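Numbering (UniProt numbering), first residue to last: 1 to 612. We treat Cβ as the ideally placed atom computed from N, Cα and C, and that holds for glycine. The structure displayed is predicted, hence computed values, not measured ones.
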């Protein structure tokens with residue numbers, strides 16, 4: 001239509017009059033002016049047709065269509081039924097599951113952590129004497145299994161044998177010297193006895209001369225007798241001094257003999273140390289000496305790993321450590337009650353070490369273990385975890401567990417095959433068997449909502465009261481309108497409901513109540529329960545409990561608002577912001593009997609009711 005408007009010759013037609021007046025006497029120019037006037041009339045008609053008539057016709061046609069079709073009215077709601085069946089039917093149907101208490105299963109919780117197998121003890125055998133290696137056992141190679149006391153290497157013992165012989169002769173020499181001293185002491189004691197007798201005789205002689213009458217003994221004779229007495233006394237004192245000296249000499253010889261004995265023992269010990277034996281039962285990790293090579297004293301030549309026990313190096317988060325400390329009968333587990341050590345001890349907790357071979361599906365191998373203590377003290381600054389010690393007392397005794405295709409349960413194989421023991425470097429999963437003091441509940445995975453929330457159904461027949469039900473429905477409708485920013489719609493004209501709709505609904509099969517939002521629920525990470533009554537353990541990465549093919553979670557309810565036997569909603573409900581959301585569930589006794597005969601019947605009924 002726009003090109004037609006642009007071709008409309010409005011101004012040229014106005015200016016054509018003086019042009020036509022000036023050339024009215026010229027015939028050729030008059031014929032040309034007539035053709036231009038006819039062309040302008042045709043363009044004006046096209047402009048009126050496309051810009052006015054056709055748009056008006058389209059608008060008129062649209063109005064006619066609207067009048068013919070009329071307006072679309074919303075579907076009319078069924079009339080309210082004030083009977084028990086009608087009020088029960090008006091409630092929102094939900095599907096619930098019964099919350100189970102963890103104590104019902106009589107099983108311990110299994111706190112899962114990953115770890116790495118490390119040696120329980122590693123001994124580095126070093127040479128205690130220097131010398132040339134003259135013997136090396138064929139079993140002294142890396143990877144060989146050795147027993148305690150087994151000869152691994154031998155150093156040339158010649159020098160140490162000669163030293164032992166020399167010290168033996170020295171000890172014999174000191175012993176002979178002791179014998180000589182003993183003999184001298186005996187001789188000296190005999191001499192002292194003789195000297196004492198001579199001294200007694202001289203004393204008698206002096207006394208006899210003194211008692212004689214004067215004139216019978218001269219002074220010279222008396223002095224001579226006294227001199228003889230002094231000589232006898234001097235001989236006695238000399239002999240006694242010699243005896244004391246012999247006693248001191250004997251003590252010195254005894255010390256020399258003991259020194260020779262000690263040196264001989266050292267020589268014998270060095271001679272014994274020339275044979276390098278295994279101090280423990282284990283496996284040789286490395287050996288660094290060859291035959292005919294010289295080794296100095298203190299050089300480590302063999303490294304042996306103890307295989308009687310193994311450890312698993314792992315770490316616990318602080319929330320996991322909380323469950324370790326929150327156990328029953330902590331005193332029976334070896335936890336010290338003293339104030340000085342209480343903060344540094346962990347209760348001895350049984351555990352299971354599990355290893356899975358890559359490519360073997362569900363086949364796993366398990367060992368019995370124990371959580372002993374902290375591995376050091378303090379929290380790792382990088383990972384913010386606490387290292388602990390997991391000890392496997394018998395790493396060679398294990399159980400092979402495989403998934404049976406017939407009943408999809410884990411069974412123990414009678415003749416296990418696979419890894420013979422736990423060795424260093426193996427990546428394993430540790431399951432700590434915990435008995436927490438805090439009561440825990442098991443909630444279906446469908447019942448646990450984002451934000452650690454759950455919807456609990458509480459039976460409450462009072463929601464069937466007409467006044468309360470209308471107030472609750474009006475409150476829910478107002479909240480929905482506010483959230484969606486939609487103005488309320490007027491109630492349409494209600495039509496009667498057919499009798500068949502009410503007759504097929506049996507209110508005795510349903511129970512009325514309300515749905516409450518619970519926010520104090522905290523799932524316990526990495527907790528699982530081994531299967532009883534169809535209970536199956538989940539995969540390590542899923543951190544959930546599985547009943548059959550369904551997932552469940554072990555949770556802590558801090559305010560104890562949900563306990564064993566409560567009902568949790570597992571079907572979609574929508575926004576649950578009010579404390580009173582009327583709803584209905586199928587009666588538990590009917591739901592259980594119906595689920596035994598047909599597991600999906602209840603779900604189909606609830607889906608149908610929700611659709612209606």
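query: Could you pull out every residue in the same chain whose Cβ sits closer than 6 Å to the Cβ of residue 131, ignoring the five residues on either side in sequence?; result: 155, 156
query: Give a yes or no on contact between the region 272 to 280 and the region 247 to 258, applying the rule of three or more CB pairs nearer than 8 Å.; result: no
query: On the three-state DSSP scale, how would you describe residue 290?; result: coil
query: What's the gap between the Cα of residue 204 and the Cα of residue 198?; result: 10 Å
query: Secondary structure at residue 387, three-state DSSP: helix, strand or coil?; result: strand
query: If you check the beta carbons only, do residue 91 and residue 507 fall under 7 Å apart?; result: no
query: Can you grab the Cα-Cα spacing for the pair residue 353 / residue 369, in whole Å?; result: 7 Å
query: Is it true that the region 294 to 306 meets the region 178 to 186, where meeting means three or more beta-carbon pairs spaced less than 8 Å apart?; result: no
query: For residue 318, does the count of other Cβ atoms within 10 angstroms reach 16, so buried, or fall short, so exposed?; result: exposed
query: Pull up the DSSP beta-bridge partners for residue 143, would you.; result: Its beta-bridge partners do not exist; DSSP assigns none.
query: Cβ atoms of residue 524 and residue 554: under 7 Å apart, would you say?; result: yes
query: Please determine, among 390, 307, 436, the residue with the shortest C-alpha to C-alpha distance to residue 143.; result: 307
query: Report yes if the CB atom of residue 235 is closer than 7 Å to the CB atom of residue 186, and no otherwise.; result: no
query: Measuring CB atoms only, is the region 104 to 118 touching the region 428 to 446, in the sense that at least three cross pairs come out at less than 8 Å?; result: yes
query: Mapping the DSSP letters down to three states, classify residue 97 as helix, strand or coil.; result: strand
query: I want to know whether the region 417 to 427 touches the region 390 to 404 - three or more CB-CB distances under 8 Å.; result: yes
query: On the CB-based measure, 16 or more other CB atoms within 10 Å of its CB, does residue 347 come out buried or exposed?; result: buried
query: Is it the case that the Cβ atoms of residue 164 and residue 268 are separated by a distance below 7 Å?; result: yes
query: Roughly how many angstroms lie between the CA atoms of residue 392 and residue 429, to the nearest whole one?; result: 13 Å
query: Per DSSP, which one or two residues make a beta bridge with residue 135?; result: 154
query: Between residue 586 and residue 383, what straight-line distance do the alpha-carbon atoms span, to the nearest angstrom?; result: 49 Å
query: Return the residue from the list 201, 457, 245 that minimises the CA-CA distance to residue 231.; result: 201
query: Just to confirm, does residue 173 get its C-beta within under 6 Å of one of the non-hydrogen atoms of the ligand ZN?; result: For the structure depicted, the ligand ZN is absent and the ligand set is empty, with no information on it obtainable.
query: Measure the alpha-carbon distance for residue 571 versus residue 94 and round it to whole angstroms.; result: 6 Å
query: Got a sec, what are the start and stop residues for the beta strand (DSSP E) residue 315 sits in?; result: 310 to 316
query: Give the DSSP-derived three-state secondary structure of residue 348 in the structure shown.; result: coil
query: Please report the straight-line C-alpha distance between residue 404 and residue 116, rounded to a whole angstrom.; result: Confidence at residue 404 is low in this model, with a pLDDT of 47, below 50, so the placement of that residue should be treated as unreliable; the coordinate-derived value is given next. Answer to the nearest angstrom: the Cα atoms are 28 Å apart.
query: Under DSSP, the alpha helix (DSSP H) around residue 237 begins and ends at which residues?; result: 219 to 273
query: Ends of the beta strand (DSSP E) at residue 372?; result: 364 to 374
query: So residue 583 is in the beta strand (DSSP E); what residue range does that whole segment cover?; result: 581 to 586
query: Is the beta carbon of residue 447 sitting closer than 7 Å to the one on residue 568?; result: yes
query: Give me, in chain order, the residues of the same chain whose beta-carbon lies closer than 6 Å to that of residue 222; leave out the 5 immediate sequence neighbours on both sides.; result: 209
query: From which residue to which residue does the beta strand (DSSP E) around residue 63 run?; result: Here residue 63 belongs to no beta strand (DSSP E); instead the alpha helix (DSSP H) covers 54 to 69.
query: Using a Cβ-Cβ cut-off of 7 Å (strictly less than) and excluding sequence neighbours within five positions of residue 128, which residues of its own chain qualify?; result: 273, 297
query: Residues bridged to residue 514 by DSSP?; result: 458, 582
query: Quick check on residue 295 - is its C-beta less than 7 Å from some C-beta in chain D?; result: As a matter of chain content, chain D is missing from the structure shown, which is built from one protein chain.
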